[in-house]
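See the structure below:
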């Protein structure tokens with residue numbers, strides 16, 4: 073999938089570098105050696121999410137443990153989303169280009185209410201059922217935390233578990 077995306081999809085989008093990964097301090101682990109595979113999902117563009125300190129902190133805390141893996145994904149820009157849907161490419165992580173539906177846990181950060189529609193779009197683009205009640209044991213657990221987790225009701229039907237408080241303390 074990575075080769076197809078890099079050769080045929082990325083040349084057609086603006087700002088393709090936000091989908092490549094391979095930036096400094098990126099952690100790549102052997103998928104098969106890790107017991108728990110998580111993805112941190114920022115429901116906004118890469119350029120917004122990469123300035124989020126909480127993402128960096130949680131990413132490095134989790135990846136310090138050899139049995140855990142945490143990769144990242146961001147909401148794609150409109151042009152990339154259209155090409156992904158046209159080519160049946162599910163939303164994937166930056167580190168391994170692995171579809172998000174293959175992870176054990178997907179964790180969204182809730183920084184502001186205006187991102188809620190992006191969360192639903194990211195779930196749909198990941199080929200996951202939107203409503204928590206429609207997801208069984210074969211799907212990742214969907215967690216959400218951050219400042220807006222104190223008001224869970226708007227997303228209660230879509231999120232499996234809310235983490236209230238500082239993420240590094242919850243871990």
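In the working numbering, the protein residues as written are 73 to 243.
For each residue, glycine too, the CB sits at the ideal point set by N, CA and C.
Review point. Beta-carbon separation of residue 100 and residue 199 under 7 Å?
Key: Translated into the one-based positions of the chain shown, residue 100 becomes position 28. Translated into the one-based positions of the chain shown, residue 199 becomes position 127. Contact: no.
**Study point:** Within 7 Å, strictly: CB atoms of residue 214 and residue 178
**Key:** Within the chain shown, residue 214 is the residue found at index 142, counting from 1. Within the chain shown, residue 178 is the residue found at index 106, counting from 1. In contact: residue 214 and residue 178 (Cβ atoms closer than 7 Å).
Check your understanding: Is the beta carbon of residue 63 less than 7 Å from the beta carbon of residue 115?
Key -> Absent from the structure is residue 63, since the part of the chain shown begins at 73 and ends at 243.
Check your understanding: Is it the case that the CB of residue 143 approaches a heavy atom of the ligand NAD more closely than 6 Å?
Key -> Although the ligand NAD was asked about, the structure shown includes no ligands whatsoever.
Exercise for review: Kindly say whether residue 113, judged by its beta-carbon, lies nearer than 7 Å to any beta-carbon of chain C.
Suggested key: Among the protein chains of the structure shown there is no chain C, as only one such chain exists.
Point to revise | Endpoints, alpha helix (DSSP H) assigned at residue 127 | key: Along the chain shown, read from residue 1 onward, the residue named residue 127 stands at position 55. The continuous alpha helix (DSSP H) containing residue 127 extends over residues 125-135.
**Study point:** residue 98 vs residue 169 beta-carbon contact at 7 Å
**Key:** If you number the chain shown from 1, residue 98 lands on position 26. If you number the chain shown from 1, residue 169 lands on position 97. Not in contact: residue 98 and residue 169 (Cβ atoms no closer than 7 Å).
Review point. Leaving out five residues before and five after residue 230 in sequence, what residues of the same chain have Cβ atoms less than 8 Å from its Cβ?
Key: Numbered from its first residue, the chain shown carries residue 230 at position 158. Closer than 8 Å at Cβ, skipping near neighbours: 191, 192, 195, 202, 203, 204, 214.
Check your understanding: What three-state label does DSSP hand residue 82 in the structure shown?
Key -> Numbered from its first residue, the chain shown carries residue 82 at position 10. In this structure, residue 82 counts as helix in the three-state DSSP scheme.
Review point. So who's on the other strand from residue 177, going by DSSP bridges?
Key: As a working note, residue 177 is residue 105 in the chain shown. Answer by DSSP bridge pairing, in chain order: 110, 213.
Check your understanding: Do you know how far the Cα of residue 207 is from the Cα of residue 53?
Key -> The structure shown has nothing for residue 53, since the chain only spans 73 to 243.
Review point. Whose CA, out of 173, 121, 172, lies closest to the CA of residue 90?
Key: Residue 90 sits at position 18 when you count from the first residue of the chain shown. If we check each option's Cα against that of residue 90, 121 comes out closest.
Practice item. Check the C-beta distance from residue 228 over to residue 180 and give it rounded, since I have them as a contact under 8 Å. Key: On the chain shown, position 156 is the one that residue 228 refers to. On the chain shown, position 108 is the one that residue 180 refers to. Actually they do not touch by this definition, with Cβ atoms about 13 Å apart.
Practice item. Give the DSSP bridge partners of residue 234, in chain order. Key: Position 162 of the chain shown holds residue 234. DSSP lists 216 as partners of residue 234.
Review point. Where does the unbroken alpha helix (DSSP H) through residue 149 begin, and where does it stop?
Key: Here residue 149 is taken as the residue at index 77 of the chain shown, counted from 1. Taken as a continuous stretch (DSSP letters only), residue 149 belongs to no alpha helix (DSSP H), as it is neither H nor E.
Review point. In this structure, does DSSP put residue 171 in helix, strand or coil?
Key: Counted from its first residue, the chain shown places residue 171 at position 99. Three-state DSSP puts residue 171 in a strand.
Exercise for review: Using only alpha-carbon positions, find the residue among 219, 144, 162 that is nearest to residue 76.
Suggested key: On the chain shown, residue 76 is found 4 positions in, with the first residue counted as 1. The candidate whose alpha carbon is nearest that of residue 76 is 162.
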